[in-house]
Amino acid sequence: MNEELEKLRGDKKLPASMMFKRAFPYFKPELGWIILALLIVLLNVIFAAVSPLIIQDFVDHLKQDPTVIVGKGMMPIISFAIGYLVINISNQIFLYFESMILQKSAQRVVYRVRLEVFEHIESMSLDQFSEMPVGSLVTRVANYTSAMSDFFTSTLVSLLRNFLSVVTVYAIMLYLSWQLSLVLAGFVVFVIVASVIFTKVSAKLFRKERAQLSDFNAYLNESLSGMKITQLFNREAHKRDDFEKRNGALWKTRYTLIMTFGIYRPIINLILYLSIVVIFLYGVQVSLTAGTIVAFYLYVDRFYSPIQEMADQFRRVQRAFTACERLFNLLDVKPTTTDLPDAKEIDHFDGKIEFKNVWFAYEGENWVLKDVSFVIDKGQTCAFVGATGAGKTTILSLIVRNYTPQKGQIFIDDIDISTIKVESLRKAIGQMLQDVFLFSGNIRDNVTLFDESFSEEDINQAITYVNADKFIDKLDNKLDYAVVERGENFSQGQRQLLSFARTIIHKPQILVLDEATANIDTETEVLIQDSLDKMKSIGTMLIVAHRLSTIQKADLIICLQNGVIVEGGTHQSLLKNKGYYYNLYKLQFKDQ
Amino acid sequence: MIFSKVINRYYKRFAFFFIVGILALVAVDWLQLYIPENLGNIVRVLVENYDKDSVWPQIVEISIRVLIIAGGCFLGRIIWRVTLFYASTKIEADLRSRMFEKAERLSLDFYQANKIGTVLAWFTNDTETVEEFIGWGTLMLVDGIFLTILVLFKMILLDWFVTVLIAIPVVLIVIWGLLVEKYMSMKWDNRQNAFDKLYDFSQESFAGIRVIKAFVKETQQLHQFAKIARHNKDVEVDFARVSILFDVAIETIIAVVFSTLIGLGGYFVYLCISGETLIILGHEVNMDAAELIEFVAYFSTLIWPLIALGQVITMRSKAKASLERIGRYLNTEETIKNVPNAKVLENVKGGIVFNHFTFKYPGTTYDSLEDISLEIKPGETIGIVGRIGSGKSTLVNSLARLYNVDNKAIFIDGIDIMKADVTSLRKQLAYVPQDNFLFSETIRDNIAFSGVDSNDETIKDAAKFACVDDDIEHFPRKYDTILGERGVTLSGGQKQRVSIARAFLKDAPILIFDDSVSAVDVKTEETILSNIKRVRRGRTTLVVASRVSTVQGLDKVIVLNEGRLEAFDSPNKLYLTSPTFKKMVDLQRLEKEEGSL
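As structure tokens, this is what we get:
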């Protein structure tokens, strides 16, 4: 369990080799393009090296004796101009193609990874969902995917480009003078030491910044969502203080980061100038020719700038590694509820439901259900009664396989539900949940859940069945009336009605109602009840409700206490028993 | 530099940092030009007369000069980073503070019209874009302009005609940038919108995963997501193409001018050497090889500032768009605010009067409440019932001024709430909302949210009042249990009760329950109602309910029907006077009779 959690949070370290191995398949289809881009990069490097040479030659040409220049005529000049133009423009064209090839490949990779991650997240089980804040899942789909693909395309290519430049330039310098190259190597040690220290410090700061930023975002998100509460309780000043603390901390980290850069960059620059001066002094001391010293000096800058760029890119490498780590860790989370290889597809259920010695715990040995057994015949309505935490909701979530019991079996129509495809099981069972979730869009979308195969008539029938037509008719655009985020422009009762309509339109064969009518008034509830009775498609109905009035018509009432069934039967028989149910009933109706 | 009402004040506030930073930047630029010059001198010394012993002192002297200049650059570079970025990050942080303050002054209508994700993006992405432009943008602009002017000036001294020739790309790049700016920002917006859509869609899909799983809509969601992701891909490529083309175009302009300089300059030199004179526009062009070499060298130093100028234009268009969004947000009209000389409510007794109160939600066309007139006496416990959509919540919400109401429509202790100071008004109310929003803090902090003086004992008392103390004591960390996002660690009923405890602890003259015991079991509801009657005696309490059973024991009950007041009386009398109430009671009684047969 703990390891699983670690995976979810994505903190499990993966070795770099593993990361490459796992990332490779995503880039394999793009390999051809990436290699093509690399070839163009080579041309780029060559052309970029040639261009200053042309200028050099041009200058040399002008430095010749005037009579020689006049003697050669305009031709050399024109060819210098055209040569320069052609090389630079073709270089730009190459640059364009190279960048576009990389961009397109990168975006295709992002697209594929996003689909896979999204699909994977959707397949995770509900208990895994509650372990992970929605925001961090979204970041994985939206941001980490592009960080990963950026790395394997542009960052890797430019790292390679810089590395090539450093090697080529150093080779040329070695050829010019091994003594000066050695001196330069001494400075490179300084540069590397400075860069390593800087990278270490900045990496730590970047991590801190990211953590603070996500804390800041989470805080802001919650504050904005809960602004109504803050205003009602006059707690604006208190919230503002909290906000300022986070805002200030974030600023401090960012500024420290900038200071770190602000010292590192000038230091590298200073080392560059120092090494140039030393090269001149040392060059003269060991009596190198002027030409060699000058050429060497011209190359020093071209040697330093790719090194510095590589240090900059290190940050992107780190970010990409974190992104990969988190993505792969997420993809490693195996859903706890999966279909068996030979799972059955079932179209129609009669609706007989049986629990056989079911034991279930969300965690360890904290049994929420202890040896629960019961049978509900097809066509029956069964109600579960009991105090908070008695296990009513748990029973319902086991039937739709949101969780799997540790011991015992559950049968529908005498088939063990663990051998049925989850999809066909859930399609047949209509669930009305305690917390209604509405999507932003309009009323129609929320009833059909964006399924366009439902006709206008289906929708109207469903909303009439649940009596939602009364309030919808008053709205300007009726079914097209906008629903804001989480349905916050509707009252709790209205949301429940819409959720009811949503369930009914999907024609369930078994209906599960978990406190589905808590905020619905008695009159409307009775009307809904009548509609449900009329609906032929519904075989079996399972109800959890606190109000006994809602459940007393049930064919079977099961009373639960601390995960154990204490009694079961019809309303009448239970009243005669004078047991748990009788006491509950007396309490509820005592003053009428 | 970018100007807008939103940020102009910062230029004044951080003037010192801007001035020091820009001066340091200019100093570095200026010093830097001397390094190649000095190194050039070394080269000249070496080339002219290479005798190790005689050139040595000269070289040492120049080296020391170079090192001093390098040291100056080192300091200058540190100074401009530390000052300019101090200003830019401080501005970013201050913008965020102002935006948060604004968020606290905006009311419910704003939050219903805007998605939280969108507002969040203004707070983070847009402020970052602005910060980046103020920091890096200033650097590039100063560098670009200063170096360009410096180099152009030196070139004019050499030959004004050729300088004019070289000034062409500067003008072209600026024109090109201005032309493309609009198009670029459009493409940038497209990209941003596509990304927002992807973000929002994932956010909703994961938040509503229970529904998606319950209705087996995973495949359908995936298809929808694929469509959005594909669009994202296309728009990203589209934007990349435009911005790459932009850079390519700038480099191409530079290449064209450079080769023109080589060709034309070479031609001038050729003519000069051949002894011919060329007169263009009355100007005698007279250029020798050395001059042209110098020109070429100057032009090379112009390339970086020119590219920087191009980039500044792109950055600026993004920053401008961000700043506009921030500005629009900061200027959003605040709908709920105090009237001049608003009355501060203090120690109210809790009498409430509705006087022909009619209410329509912003953006709707029908009245949610119509012509409600009634009087609640201080200390009464009032129930409010009615069918779904009859306006129960609207009635109680209007007391807290979550929306504006008509003048002289609602009075508390005889004072029109529209004339009352909003903060003082809300201080008089404790409210248990329908959707029990809890913060991801400890249970203790959630209950003590109102900020009144509290200790472990009073917090526990409040929890006992709300019948949630037992539940909390069962958690391993008890009152220190930290709740998840929106309180997900608690069940619906527990959330409601923590929310009741939070309101109770506030101990306000008027306590409002908006259908807040719906998810608790009957026994608990019973206890909470009797607690209300016992503890809240003598203080006004309003209880919205879906069932008549909840309000049966209260002093009086308001019955709403389709937004109108049907009856307001004691529960016993209502059975005779209110058809809606009678029906609700009958239905409940019918069930009871059926049941007990």
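These protein sequences, in sequence, are chains A and B.
Under the numbering used here, the first residue of the first sequence carries the number 9, and numbering increases by one thereafter.
Under the numbering used here, the first residue of the second sequence carries the number 409, and numbering increases by one thereafter.
Glycine is no exception: its CB is placed at the ideal position from the N, C-alpha and C atoms.
Tell me, please, whether the CB atom of residue i is closer than 8 Å to any CB atom in chain A?
{"i": "B/F629", "result": "The identity of residue 629 of chain B in the sequence shown is Gln, whereas the question assumes Phe. Judged by the 8 Å Cβ criterion, B/Q629 is in contact with chain A."}
{"i": "B/E934", "result": "yes"}
{"i": "B/K728", "result": "no"}
{"i": "B/R618", "result": "yes"}
{"i": "B/A975", "result": "no"}
{"i": "B/D779", "result": "no"}
{"i": "B/V463", "result": "yes"}
{"i": "B/K510", "result": "no"}
{"i": "B/I701", "result": "yes"}
{"i": "B/G1003", "result": "With a pLDDT of 49 at B/G1003, under the threshold of 50, the modelled position of that residue is not reliable, and no figure is offered here."}
With DSSP as the reference, please indicate the residues paired to residue i in a beta bridge.
{"i": "A/K2", "result": "The structure shown has nothing for residue 2 of chain A, since chain A only spans 9 to 600."}
{"i": "A/C390", "result": "A/L550, A/L564"}
{"i": "B/T948", "result": "B/I918"}
Starting from residue i, trace the beta strand (DSSP E) in both directions and tell me its first and last residue.
{"i": "A/W375", "result": "375-384"}
{"i": "A/Q554", "result": "Per the sequence shown, residue 554 of chain A should be read as His rather than Gln. Careful: A/H554 lies outside any beta strand (DSSP E) and carries neither H nor E."}
{"i": "B/F976", "result": "972-977"}
{"i": "B/F762", "result": "760-767"}
{"i": "A/F363", "result": "361-369"}
Residue i and residue j: beta carbons closer than 8 Å?
{"i": "B/D977", "j": "B/V965", "result": "yes"}
{"i": "B/I430", "j": "B/V550", "result": "yes"}
{"i": "A/L582", "j": "A/I565", "result": "yes"}
{"i": "B/E754", "j": "B/S832", "result": "yes"}
{"i": "A/V99", "j": "A/N52", "result": "According to the sequence shown, residue 99 of chain A is Asn rather than Val. Closer than 8 Å, so yes."}
{"i": "A/F508", "j": "A/V474", "result": "yes"}
{"i": "B/Y675", "j": "A/I85", "result": "yes"}
{"i": "B/F845", "j": "B/S806", "result": "no"}
{"i": "A/L446", "j": "A/G495", "result": "yes"}
{"i": "A/R452", "j": "A/D488", "result": "yes"}
{"i": "A/W259", "j": "B/T949", "result": "no"}
{"i": "B/C875", "j": "B/T958", "result": "no"}
{"i": "A/V444", "j": "B/F614", "result": "no"}
{"i": "B/L891", "j": "B/I851", "result": "yes"}
{"i": "B/Q1009", "j": "A/S499", "result": "This structure cannot speak to residue 1009 of chain B, because chain B is shown only from 409 to 1005."}
{"i": "A/Y589", "j": "A/E575", "result": "yes"}
Out of the options, point me to the one whose CA is closest to residue i's CA.
{"i": "B/S515", "options": "A/S233, A/R452, A/I77", "result": "A/S233"}
{"i": "B/V665", "options": "B/F703, B/K635, B/S848", "result": "B/F703"}
{"i": "A/I129", "options": "A/V302, A/T147, A/R116", "result": "A/T147"}
{"i": "B/A363", "options": "B/Y774, B/I734, B/V474", "result": "Outside the shown range of chain B, which is 409 to 1005, sits residue 363 of chain B, and nothing can be said about it."}
{"i": "B/A697", "options": "A/P343, A/Q64, A/N277, A/Q72", "result": "A/Q72"}
{"i": "A/M267", "options": "B/L898, B/I486, B/G771", "result": "B/I486"}
{"i": "A/H514", "options": "A/I546, A/V491, A/N485, A/D529", "result": "A/I546"}
{"i": "B/N601", "options": "B/I636, B/F883, B/F847", "result": "B/I636"}
Residue range of the alpha helix (DSSP H) that residue i falls in?
{"i": "A/M140", "result": "Neither: A/M140 is in no alpha helix (DSSP H) and is coded neither H nor E."}
{"i": "A/T456", "result": "451-456"}
{"i": "B/G791", "result": "That residue, B/G791, is in no alpha helix (DSSP H); its beta strand (DSSP E) goes 789-794."}
{"i": "A/G576", "result": "Not the alpha helix (DSSP H): A/G576 falls in the beta strand (DSSP E), residues 572-577."}
{"i": "B/K1007", "result": "Past the boundaries of the shown model lies residue 1007 of chain B; chain B is included only from 409 to 1005, so the question cannot be answered."}
{"i": "B/Y418", "result": "413-421"}
With a threshold of 8 Å between beta-carbons, can residue i be considered close to chain B, or not?
{"i": "A/I63", "result": "yes"}
{"i": "A/K15", "result": "Residue placement at A/K15 is flagged as unreliable, the pLDDT there being 49, under the threshold of 50; the coordinate-derived value follows with that caveat. No, A/K15 does not count as interfacial toward chain B."}
{"i": "A/R324", "result": "no"}
{"i": "A/Y612", "result": "Nothing about residue 612 of chain A can be reported from this structure: the residues present for chain A run from 9 to 600 only."}
{"i": "A/E130", "result": "yes"}
{"i": "A/R243", "result": "yes"}
{"i": "A/F462", "result": "no"}
{"i": "A/E523", "result": "yes"}
{"i": "A/I528", "result": "yes"}
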